[in-house]
Structures are given as structure tokens and as C-alpha cells.
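Enquirer:
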């Protein structure tokens, strides 16, 4: 049964397993960072996965398409986004594989059992302070700015919810990389793997993908840079593969 669409909503094709997603461009649509994170994350067969701040559910849906995870749970504080995520799950017939929970990242350790997940993913708000912030109540502002949760909130709760040896995957901005590594180490999510994302080969990186291991030993691999465009509006082959083009 096709879920009912609300005002200004649309259905977008994800180019994976025939899956689609409900989005509202007036509120917030997923970006390339979510797609890159779904490609960077390593999820073993039978894994229990949690996505913190799932928005409209893009990362769990893509991970369900790309991996053999046993079950995926999506946590989202904004009810409107959580509702869209639930309807997208229904649209794709994934009710038995993906659960959407409305709740606060800061209280995630109260919503789920400690050490109950093999993998935690997160595409968190990147911006701090009032930089570029107009209306702190807008869904786009909440998704992009640390209004409702901070980097430390994300890392602290991920550490509590991961099993020993479990993996944490996050996409963020390079200008906060020193802080990211410090906070991850503080909560014993040892940084193990990192990849910088560049819009063009001759530009500075604008995203960083990072993996941490709960209780892991110190040793980090830096993967080869990921370049997005080879010319304006022309993706590199690796990006096309991630999108399923």
C-alpha cells in the first residue's frame, strides 16, 4: 500500500533495490554526505545497526540495500522527519527490517540497552555557534547546527550503545577533525579509519568520513582521498557507483 503524502512531499528513487524515499524539499532533503557514509560504513552479516539522528531514514534504507544487516534502528528527534522515515520504510516494505524511534540522541542510552548494537552510524549537525543560523526552530537548522545535540552527545551515546569491538561510522567536516578525534578517544571509540572527501582534485576537502572501534587499540588507517567531481556536474566513477548510476 502506498503511504499518503503530506503537503509539499515527494517520492525520490534511490537507485538501489528499487527503493524510494519520501522527502519534503521545504524542510530537508538528504545530501551526498549520507550517501557517502552509507558507502563508507562496514556492516557485517547479521549485524544490529543504529543510526543516530536519521532524519528521513536515508542511511538505514541505503544500508539495508547494500548490506546483510539483521536489523536497523533509526532514531530521530523531529516527529515530522520520523514520520516521513516510517512511511518510507512502509513504502519499501521494510517494516520487518527497520524500526524508526522518535527520541533524543542525548537520551539514547535510556531508550536502548547498553552494548546492544554492532554498528552505530551518524550524520550529525556540523555547525557550532550561530554561524549562518537564522531560525533555530527550522528543521534545516536543527539538522545542520548543534541546536539539539553536540558532537560529544553523539560520541558519548554511541560508545555506550556499542558492543565491545563494535564500529562507529560518522561523516563530518574537516575543520573539526582535531575535536572529533579527541572526543572519540575520550569515550574509548578508538579512531581506526579515515577518508577525506574533496569536491575537486585541486580543492580543499569539505567532508571527512571516520570509523571508530569501541575499545580498539590505537592504530588508524588513512584511506586514499575521495574526489567527487571530475568536471562541473560530472561525478567521478566512484561516486556514480555509490549512487548506483
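Residue numbers (my numbering): 961 to 1205.
For every residue, glycine included, the Cβ atom is placed at its ideal position computed from N, Cα and C.
1) Is the region 1020-1031 in contact with the region 1066-1075, if contact means three or more CB pairs nearer than 8 Å?
2) Can you name the residues that DSSP bridges to residue 1049?
3) Among 1038, 1073, 973, 1040, which one has its Cα closest to the Cα of residue 1051?
4) Using only the alpha-carbon positions, how far apart do residue 1010 and residue 1037 sit?
5) Keeping to the same chain, check which residues put their C-beta closer than 7 Å to that of residue 1103; ignore five residues upstream and five downstream.
6) Take residue 986 and list the residues in its own chain whose beta-carbon comes closer than 7 Å to its own, dropping the five residues that flank it on each side.
7) What are the start and end residues of the alpha helix (DSSP H) that includes residue 1158?
8) Report the rounded CA-to-CA distance for residue 1120 versus residue 1183, giving the unit in angstroms.
9) List the residues that DSSP assigns as beta-bridge partners of residue 984.
10) Entirely within the region 1004-1089 and at least 4 residues each: give me those alpha helix (DSSP H) ranges in chain order.
11) Less than 8 Å between the C-beta atoms of residue 1189 and residue 1180, yes or no?
12) Report the rounded CA-to-CA distance for residue 1056 versus residue 1077, giving the unit in angstroms.
13) What do you reckon, are the CB atoms on residue 1135 and residue 1001 nearer than 8 Å?
14) Below 8 Å on the Cβ atoms is my contact criterion, and I expect residue 1168 with residue 1186 to pass it. Report the Cβ-Cβ distance as a whole number of Å.
15) In the DSSP assignment, the alpha helix (DSSP H) including residue 1113 goes from what residue to what residue?
16) Residue 1168 lies in the beta strand (DSSP E); which residues open and close that run?
17) Comparing C-alpha positions only, which one of 1201, 963, 1042, 1141 sits nearest to residue 1173?
18) Using the three-state DSSP reduction, which class does residue 1161 fall into: helix, strand or coil?
19) Any idea what DSSP makes of residue 1001, helix, strand or coil?
20) Buried or exposed: where does residue 1200 fall if 16 or more other Cβ atoms within 10 Å of its Cβ makes it buried?
Expert: Quick look at the numbers:
1) As far as the Cβ criterion goes, the region 1020-1031 does not touch the region 1066-1075, which means the pair count is below three.
2) None, per the DSSP bridge assignment.
3) Nearest C-alpha to residue 1051 among 1038, 1073, 973, 1040: 973.
4) 14 Å
5) Low confidence applies to residue 1103: its pLDDT is 48, below 50, so where it sits in the model is not reliable, and the reading given next is rough at best. 988, 1015, 1085.
6) 968
7) Here residue 1158 belongs to no alpha helix (DSSP H); instead the beta strand (DSSP E) covers 1149-1158.
8) 27 Å
9) 988
10) 1018-1026, 1039-1051, 1068-1071
11) Result no, Cβ atoms of residue 1189 and residue 1180 do not sit closer than 8 Å.
12) 17 Å
13) no
14) Not a contact, Cβ separation roughly 10 Å.
15) It spans 1111-1121 - the alpha helix (DSSP H) in which residue 1113 sits, taken as one unbroken run.
16) 1167-1174
17) 1141
18) Here DSSP, grouped into helix, strand and coil, assigns residue 1161 to coil.
19) In this structure, residue 1001 counts as coil in the three-state DSSP scheme.
20) exposed
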